[in-house]
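*Asks:* The structure's right below; bear with me while I get my questions together.
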Amino acid sequence: MNNTFNINRFGLLLRRQWLDFGKIYLISLVVLLGIVVGFYSYSIPSPFKDNNFDYNGNLDMRFRYPLFLILGFVFISIVASSYFNILGQKSRAILELMTPASIFEKFLAGVVYTAIISLFSYLLIFYLTDLAFVKYLNGHLDAFKVLLPQNGAIREVETITYQVFNDEGYRKYCGYFFAFPFLITSLFLLGSVYFNRFHYIKTALSVMVFIGLASYLVVKLSIWLMEGKVANHHNFRKEDKDWVLLTILLVTSIITLIVWTITYIRLKEKEV
Amino acid sequence: MININNLNFGYSKHKPLFKNMSMRLSNGHIYGLLGKNGAGKSSLLKNLAGLVYAQSGTLDVMGFNPAKRQPALLEQICFIPEEFYLPSVKIDAYLKANAPFYKNFDHSYFTDLIKEFDIPVEQKLINMSYGQKKKVIIAFGLATQAKLVIMDEPTNGLDIPSKAQFRKIMASAMTDERCIIISTHQVRDLDNLIDTVIMLDENDVALKASVEEITAKLTFKKVKEIDDSIIYAEASLSGYNAVMPNYHQEESKLDMELLFNAILAEKIKFKPLFS
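And the structure:
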């Protein structure tokens, strides 16, 4: 018997975890859908509202970007933070740790649920809601024509997905931030193993303190090492920007992998 | 089946619970684990199941180190904790999700046990009484056909008929390949069930002896007066319940409660008898 990884056992584990995690997860998806629909209903342009157009004269759908980012952060972090929180309860932790699956399989199931399924379902829900509202608006464009001087033409509203994938700038920059959602889920997954109570708050606080300290140290160290020694100018070469973005991608990916490794080790060391 | 060598364990370094504890447990036995509150009964069981880690020493359970929590060992351990959790599903769903992890799981035996315990199968596990839930996890644990069965206070929460059922089921579940360890405060619940007594006290094993060995070396009887031959006695309505060396190979029934109190009170006097 392979005591580290067995695909059948892993499949059984995913199915078993769904028994507990699945119900709460489905409820949270319904809540998420409600929130997205609520925000869209409140924020989409309406003939009864003023300021329906953006600076390009298109129907103003700019609220989608902050909504997507903020809600996405909140949703995936809450899901990740709640996955291993059962290990903080003695009775549930015993059941969890005594399940005949390896620690690696249990950890991997956590990653699948928090980093893959939660992210994918969030994107799907947001995409479908956005698509539905865009279709609705495009079906009622005539209602907005009267608001324009001399009944001018209105361009059809594009879905957020279409905008992102058809704009070279968006496409390019989004790629560099690919690892960010995984970094967020990895941090909150670690918090759910590390802390026994108040996982979310404690993780958020720890991350804030860590980022604050790390930023302070990096700035101070950079000043100490480079002040007066490096030419200071604003004429960045174009390719320098790409290096910065590439560094962001690499650093976030590496930190994510490190945090997942720490989570695995903490899970291994977990006692009841 | 289980080898414990120089086990040192504690929840803090300054307060050790076990100091250089060594013990060997074999299959084909039902061990009764006794001890005062805080003596470390549950902690010893958790060490055996790999739920906590020893500070030093070695633990060998069926050739595995339980601290590694390997699936091959986990599927051979049935751990019934004192506090347990069952999800909000019916028995069928619970079975579907958990039984496939145990390749020897006996579905018909599980059904028999559920019937014998009179569990309402249509009810959700979370809505059952504490006693019913306990019966479900005992039935599930035994149906896994695990070789090592660890039970922490299994009779807590069971009503009087269920305790009798429990004794009957445990006696029938015993096989030559199995090792059953039951920790309890309610020693009378385990009368006639356990064959070996393990008593924990002062960071170590105060007594580990089979019921046969105990009754061969000690005799338990009621006496009117106390004399020098008595190691320990407790006043009762009709005199004293006494423990004394069994010099004349008398047959007597082990009074576990009396033995427990006697060992705690007169540990030094018992040591030469069971060393």
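Top line first, the protein sequences correspond to chains A and B.
Numbered as in UniProt numbering, the first sequence ends at 272 without a single skipped number.
Numbered as in UniProt numbering, the second sequence ends at 275 without a single skipped number.
Glycine included, C-beta positions come from ideal geometry on N, C-alpha and C.
Out of A/123, A/105, A/59 and A/96, which has the shortest C-alpha to C-alpha gap to residue 136 of chain A?
*Replies:* Here residue 136 of chain A refers to the residue found at position 136 of the first sequence. Per the Cα distances, A/59.
*Asks:* Does the stretch 74-88 of chain A come close enough to the stretch 45-58 of chain A to have 3 or more Cβ pairs within less than 8 Å?
*Replies:* Segments in contact, no.
*Asks:* On the DSSP bridge list, what partners appear for residue 46 of chain B?
*Replies:* Here the question's residue 46 of chain B lines up with position 46 in the second sequence. Residue 46 of chain B pairs with nothing; no bridge assigned.
*Asks:* Distance, Cα to Cα, residue 61 of chain B vs residue 181 of chain B?
*Replies:* The sequence position of residue 61 of chain B within the second sequence is 61, counting from 1. The sequence position of residue 181 of chain B within the second sequence is 181, counting from 1. Looking at the two C-alpha atoms, the distance is approximately 13 Å.
*Asks:* Would you kindly work out how many angstroms separate the C-alpha atoms of residue 164 of chain A and residue 174 of chain A, rounded to a whole number?
*Replies:* Looking up residue 164 of chain A in the first sequence gives position 164. Looking up residue 174 of chain A in the first sequence gives position 174. Approximately 8 Å between the Cα atoms of the pair.
*Asks:* With distances taken between CB atoms, is the gap from residue 14 of chain A to residue 270 of chain A smaller than 8 Å?
*Replies:* Position 14 of the first sequence, counted from the start, is the residue given in the question as residue 14 of chain A. Position 270 of the first sequence, counted from the start, is the residue given in the question as residue 270 of chain A. The answer is no: Cβ separation not under 8 Å.
*Asks:* Would you call residue 260 of chain A buried or exposed, if buried means 16 or more other Cβ atoms sit within 10 Å of its Cβ?
*Replies:* On the first sequence, position 260 is the one that residue 260 of chain A refers to. With 16 or more other Cβ atoms within 10 Å, it is buried.
*Asks:* So residue 46 of chain B contacts chain E; which residues on that side make the cut at Cβ distance below 9 Å?
*Replies:* Among the chains of the structure shown, chain E does not appear; the protein chains present are A and B.
*Asks:* Got a sec: which bits of the stretch 50-80 of chain A sit with their beta carbon under 9 Å from any beta carbon on chain B, in order along the chain?
*Replies:* Here the close residues number zero.
*Asks:* Residues in the stretch 99-129 of chain A with C-beta within 7 Å of chain B's C-beta atoms, listed in sequence order?
*Replies:* Going along the stretch 99-129 of chain A in chain order, one finds 99, 100, 101, 102 and 103 with a Cβ nearer than 7 Å to chain B.
*Asks:* What is the DSSP secondary structure of residue 296 of chain B, reduced to helix, strand or coil?
*Replies:* Because chain B here runs from 1 to 275, residue 296 of chain B falls outside it and cannot be looked at.
*Asks:* Contact defined as beta carbons within less than 8 Å: I believe residue 206 of chain B pairs with residue 269 of chain B. What is the distance between those atoms, to the nearest angstrom?
*Replies:* What you label residue 206 of chain B is simply residue 206 of the second sequence in a count that begins at 1. What you label residue 269 of chain B is simply residue 269 of the second sequence in a count that begins at 1. Contact doesn't hold; Cβ gap of about 12 Å is too wide.
*Asks:* Under 9 Å Cβ-Cβ, which residues of chain A neighbour residue 161 of chain B?
*Replies:* The residue given as residue 161 of chain B occupies position 161 in the second sequence. Under the 9 Å cutoff, chain A gives no residues; its nearest Cβ is about 26 Å from residue 161 of chain B.
*Asks:* Am I right that residue 36 of chain A and residue 126 of chain A are in contact with their C-beta atoms under 8 Å? What's the rounded C-beta distance?
*Replies:* Here residue 36 of chain A refers to the residue found at position 36 when the first sequence is read from its first residue. Here residue 126 of chain A refers to the residue found at position 126 when the first sequence is read from its first residue. Contact flag correct, Cβ pair sits at about 6 Å.
*Asks:* Can you round the beta-carbon distance between residue 90 of chain B and residue 122 of chain B to whole angstroms, since I take them to be within the 8 Å contact cut?
*Replies:* In the second sequence, residue 90 of chain B corresponds to position 90, counting from 1. In the second sequence, residue 122 of chain B corresponds to position 122, counting from 1. About 7 Å separates the two Cβ atoms, so the contact holds.
*Asks:* Mind listing the chain A neighbours of residue 83 of chain B? Cutoff is C-beta to C-beta under 7 Å, in chain order.
*Replies:* Position 83 of the second sequence, counting from 1, holds the residue named residue 83 of chain B. Chain A residues near residue 83 of chain B: 90 and 91.
*Asks:* Let me check you understand the geometry: is the CB of residue 92 of chain A closer than 7 Å to at least one non-hydrogen atom of the ligand MG?
*Replies:* Looking at this structure, you won't find the ligand MG or any other ligand, since it has none at all.
*Asks:* Which runs of the alpha helix (DSSP H) at least 4 residues long sit entirely within the stretch 192-249 of chain B? Give them in chain order.
*Replies:* Counting only runs of 4 or more, we get 211-217.
*Asks:* Could you check the C-alpha separation between residue 221 of chain B and residue 256 of chain B for me, to the nearest Å?
*Replies:* Here residue 221 of chain B refers to the residue found at position 221 of the second sequence. Here residue 256 of chain B refers to the residue found at position 256 of the second sequence. Taking the straight line joining both Cα atoms gives about 12 Å.
*Asks:* Just checking my contact of residue 263 of chain A with residue 101 of chain B at CB under 8 Å: how many whole Å lie between their CB atoms?
*Replies:* Within the first sequence, residue 263 of chain A is the residue found at index 263, counting from 1. Within the second sequence, residue 101 of chain B is the residue found at index 101, counting from 1. Not a contact, Cβ separation roughly 23 Å.
*Asks:* Which same chain residues end up closer than 8 Å to residue 13 of chain B when comparing Cβ atoms and leaving out the 5 residues on each side of it in sequence?
*Replies:* As a position in the second sequence, residue 13 of chain B is number 13, starting the count at 1. Cβ neighbours of residue 13 of chain B beyond the five flanking positions: 55.
*Asks:* With C-beta atoms as the reference, is residue 249 of chain A less than 8 Å away from residue 179 of chain A?
*Replies:* Within the first sequence, numbered from 1, the residue matching residue 249 of chain A stands at position 249. Within the first sequence, numbered from 1, the residue matching residue 179 of chain A stands at position 179. Yes, these two residues count as a Cβ contact at 8 Å.
*Asks:* If you measure from the beta carbon of residue 197 of chain A to each beta carbon in chain B, is any gap under 8 Å?
*Replies:* If you number the first sequence from 1, residue 197 of chain A lands on position 197. By this cut-off, residue 197 of chain A is not an interface position.
*Asks:* Could you work out which residues of chain B lie near residue 1 of chain A, taking near to mean beta carbons separated by less than 8 Å?
*Replies:* For the purposes of this step, residue 1 of chain A is identified with residue 1 of the first sequence, where counting begins at 1. Per Cβ cutoff of 8 Å: 71 and 72.
*Asks:* At what residue ranges does the stretch 101-183 of chain B contain a whole run of the alpha helix (DSSP H), taking only runs of 4 or more?
*Replies:* The stretch 101-183 of chain B contains these whole alpha helix (DSSP H) runs: 107-116, 130-143 and 160-173.
*Asks:* List the endpoints of the continuous alpha helix (DSSP H) containing residue 127 of chain A.
*Replies:* Translated into the one-based positions of the first sequence, residue 127 of chain A becomes position 127. First-last of the alpha helix (DSSP H) with residue 127 of chain A: 118-139.
*Asks:* Would you tell me roughly how many angstroms separate the C-alpha atoms of residue 105 of chain A and residue 199 of chain B, rounded to the nearest one?
*Replies:* Start at 1 with the first residue of the first sequence, and residue 105 of chain A comes out as number 105. Start at 1 with the first residue of the second sequence, and residue 199 of chain B comes out as number 199. Each residue's alpha carbon lies about 38 Å from the other.
*Asks:* Between residue 102 of chain B and chain A, is there a C-beta pair that is closer than 8 Å?
*Replies:* Sequence index remark: in the second sequence, residue 102 of chain B carries index 102 (1-based). Output row for residue 102 of chain B: interface = yes.
*Asks:* Let me make sure I understand the geometry here. Which of B/117, B/209 and B/174 has the alpha-carbon closest to that of residue 196 of chain B?
*Replies:* Walking along the second sequence from the start, residue 196 of chain B turns up at place 196. Of the listed residues, the one whose Cα sits closest to residue 196 of chain B is B/209.
*Asks:* Distance, Cα to Cα, residue 47 of chain B vs residue 65 of chain A?
*Replies:* Here the question's residue 47 of chain B lines up with position 47 in the second sequence. Here the question's residue 65 of chain A lines up with position 65 in the first sequence. Between residue 47 of chain B and residue 65 of chain A, the C-alpha separation is close to 52 Å.
*Asks:* Strictly by DSSP, which residues pair up with residue 59 of chain B?
*Replies:* Mapped onto the second sequence, residue 59 of chain B falls at position 59. BP columns for residue 59 of chain B point to B/4.
*Asks:* Does the beta carbon of residue 286 of chain B sit closer than 8 Å to a beta carbon anywhere in chain A?
*Replies:* As shown, chain B starts at 1 and ends at 275. That puts residue 286 of chain B outside it, with no answer to give.
*Asks:* For residue 63 of chain A, collect the residues of the same chain with a Cβ closer than 6 Å to its Cβ; drop the 5 residues on either side in sequence, then sort them by chain order.
*Replies:* What you label residue 63 of chain A is simply residue 63 of the first sequence in a count that begins at 1. For residue 63 of chain A, where only same-chain residues beyond five positions count, the Cβ hits under 6 Å are 43.
*Asks:* Ordered along the chain, which non-local residues of its own chain (more than five positions away) have a Cβ less than 8 Å from that of residue 90 of chain A?
*Replies:* Numbered from its first residue, the first sequence carries residue 90 of chain A at position 90. Around residue 90 of chain A: 272.
*Asks:* Considering just the uninterrupted stretch of the beta strand (DSSP E) at residue 29 of chain B, what are its terminal residues?
*Replies:* Here residue 29 of chain B is taken as the residue at index 29 of the second sequence, counted from 1. From DSSP, the beta strand (DSSP E) with residue 29 of chain B extends over 29-35.
*Asks:* What residue does the alpha helix (DSSP H) around residue 80 of chain B start on, and which one ends it?
*Replies:* Numbered from its first residue, the second sequence carries residue 80 of chain B at position 80. Taken as a continuous stretch (DSSP letters only), residue 80 of chain B belongs to no alpha helix (DSSP H), being part of the beta strand (DSSP E) at 77-80.
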